[in-house]
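For any residue, its number in this note's numbering is found by taking its place in the sequence shown, counting from 1, and adding 213. Worksheet for the structure shown next.
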Amino acid sequence: MITFTNVSKVYPNGAIALEGVTLTIEKGEFVTMIGLSGAGKTTLTKLLLGEEQPTEGDVLFEGRDVTTFSVKELTDLRRRIGPIFQDFRLLAHKTAYENISCAMEAAGKTDEEIISDVPHVLQLVDLQDRMYHFPSQLSGGEKQRLAIARAIINQPEVLLADEPTGNLDSVNTEEVLNILRKINDLGTTVILATHDPQLINGLGGRLITVEKGKIVKDEQHRRKI
Ligand code: ADP
Numbered sequence: 214m215i216t217f218t219n220v221s222k223v224y225p226n227g228a229i230a231l232e233g234v235t236l237t238i239e240k241g242e243f244v245t246m247i248g249l250s251g252a253g254k255t256t257l258t259k260l261l262l263g264e265e266q267p268t269e270g271d272v273l274f275e276g277r278d279v280t281t282f283s284v285k286e287l288t289d290l291r292r293r294i295g296p297i298f299q300d301f302r303l304l305a306h307k308t309a310y311e312n313i314s315c316a317m318e319a320a321g322k323t324d325e326e327i328i329s330d331v332p333h334v335l336q337l338v339d340l341q342d343r344m345y346h347f348p349s350q351l352s353g354g355e356k357q358r359l360a361i362a363r364a365i366i367n368q369p370e371v372l373l374a375d376e377p378t379g380n381l382d383s384v385n386t387e388e389v390l391n392i393l394r395k396i397n398d399l400g401t402t403v404i405l406a407t408h409d410p411q412l413i414n415g416l417g418g419r420l421i422t423v424e425k426g427k428i429v430k431d432e433q434h435r436r437k438i
């Protein structure tokens, strides 16, 4: 589904973010990328989304080279890969319902689809009681669960989570991880980037360790029962 072949990225200021990265991610995997801040995790996600271009090597999504995508194809790609971030990036002046309905409208969904799907996705992330709350009225964990709901509402093939629990306490972190697992169990590929070794305890799935722009370890991790 996703293939990086011998990918290097050197930013214009000379910073070497990635060096000779080769990686294949199959549909349905739960992949955690772990590495210190500055290891190159975000750069990997930006290359995948076509937000940055590799200096060397190829980045393929479903067999097609992301670097050759037109603007329209990039828009489509970014619908197929739903992102969530440490800082949530919700629309502050919109309710939970509207944060999701806006994403559906942008994807051309009908009013009927919106009315039927928004309550369902809010239920999936256990926010059915927060439908008309604004982000400022939600806890950190609730905000991130709303961001997840928005990221998955248009059924992306991949959920890309860059430090999604960076602003959360341990209880909320566990809830967010449980939801990511649930979404993965429902068939969506999940890619999680984190610097936090605590997070991977018992997480399961595939664990890729990134150090100074290189993949130094790629292993299957045992899931907590
Ligand atoms: P991580 O997500 O693991 O913290 P990043 O991919 O953000 O790592 O960064 C990898 C390296 O690339 C770091 O040395 C960082 O300073 C550098 N870097 C990241 N983005 C840029 C940029 N836009 N311009 C210059 N250097 C950058």
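Ideal placement from N, C-alpha and C gives every residue a C-beta, glycine not left out.
For this session: Would you grab the beta carbon distance between Ile-297 and Ile-361 for me? Rounded to a whole angstrom, and I think it's under 8 Å.
Result: 6 Å
Exercise. Would DSSP call Pro-410 helix, strand or coil?
Worked result: helix
Exercise. Between Ala-454 and the rest of its own chain, which residues show a CB-CB distance below 8 Å, the 5 nearest in sequence each way excluded?
Worked result: There is no way to answer for residue 454, as the model of the chain reaches only from 214 to 438.
Exercise. So does the segment 405 to 416 actually touch the segment 241 to 261, counting three or more Cβ pairs closer than 8 Å?
Worked result: yes
Exercise. Is Ser-524 helix, strand or coil by DSSP?
Worked result: A question about residue 524 goes unanswered here, because the residues of the chain that appear run from 214 up to 438.
For this session: Would you check if the distance between the CB atom of Arg-381 and the CB atom of Gln-357 is smaller than 8 Å?
Result: Here residue 381 is Leu; the residue named in the question, Arg, does not match the sequence. Taking 8 Å as the Cβ cut-off, Leu-381 and Gln-357 qualify as a contacting pair.
Problem set entry | Beta bridge counterpart(s) of Val-403 as assigned by DSSP | Phe-243 and Leu-372
Problem set entry | Cβ-Cβ separation, Leu-373 to Thr-258 (assumed contact under 8 Å), whole Å | 6 Å
Exercise. Going by other Cβ atoms of all chains shown within 10 Å of its Cβ, with 16 needed for buried, is Asp-278 buried or exposed?
Worked result: exposed
Exercise. Assuming Gly-263 contacts Leu-287 under a Cβ cut-off of 8 Å, what Cβ separation, rounded to an integer in Å, is found between them?
Worked result: 5 Å
For this session: Flag Gly-248 as yes when its Cβ comes closer than 7 Å to any non-hydrogen atom of ligand 1, and as no otherwise.
Result: yes
Exercise. Alpha carbon to alpha carbon, what distance is there between Thr-245 and Thr-268?
Worked result: A direct Cα-Cα distance of roughly 24 Å separates Thr-268 from Thr-245.
Problem set entry | Distance between beta carbons of Leu-351 and Thr-378, contact taken as under 8 Å | Thr-378 to Leu-351, Cβ: 16 Å. No contact.
Exercise. Out of Ile-366, Asp-324, Gly-321 and Met-317, which has the shortest C-alpha to C-alpha gap to Leu-335?
Worked result: That would be Ile-366, whose Cα lies nearest to the Cα of Leu-335.
For this session: Could you check the C-alpha separation between Val-272 and Glu-325 for me, to the nearest Å?
Result: Each residue's alpha carbon lies about 37 Å from the other.
Exercise. Assuming Lys-390 contacts Leu-416 under a Cβ cut-off of 8 Å, what Cβ separation, rounded to an integer in Å, is found between them?
Worked result: Reading off the sequence shown, one finds Leu at residue 390, where the question assumed Lys. Contact holds; Cβ gap of about 7 Å.
Problem set entry | Delimiting residues of the alpha helix (DSSP H) encompassing Leu-319 | Checking the sequence shown, residue 319 turns out to be Ala, not Leu. Segment 309 to 319, the alpha helix (DSSP H) holding Ala-319.
Exercise. Where do the N-terminal and C-terminal ends of the beta strand (DSSP E) with Ile-297 fall, by residue?
Worked result: 294 to 298 is the span of the beta strand (DSSP E), which, as asked, contains Ile-297.
For this session: Return yes when the Cβ of Lys-427 is within less than 8 Å of the Cβ of Val-234, no when it is not.
Result: yes
For this session: Going by CA-CA distance only, name the one from Tyr-310, Glu-355 and Phe-274 that's closest to Gln-299.
Result: Glu-355
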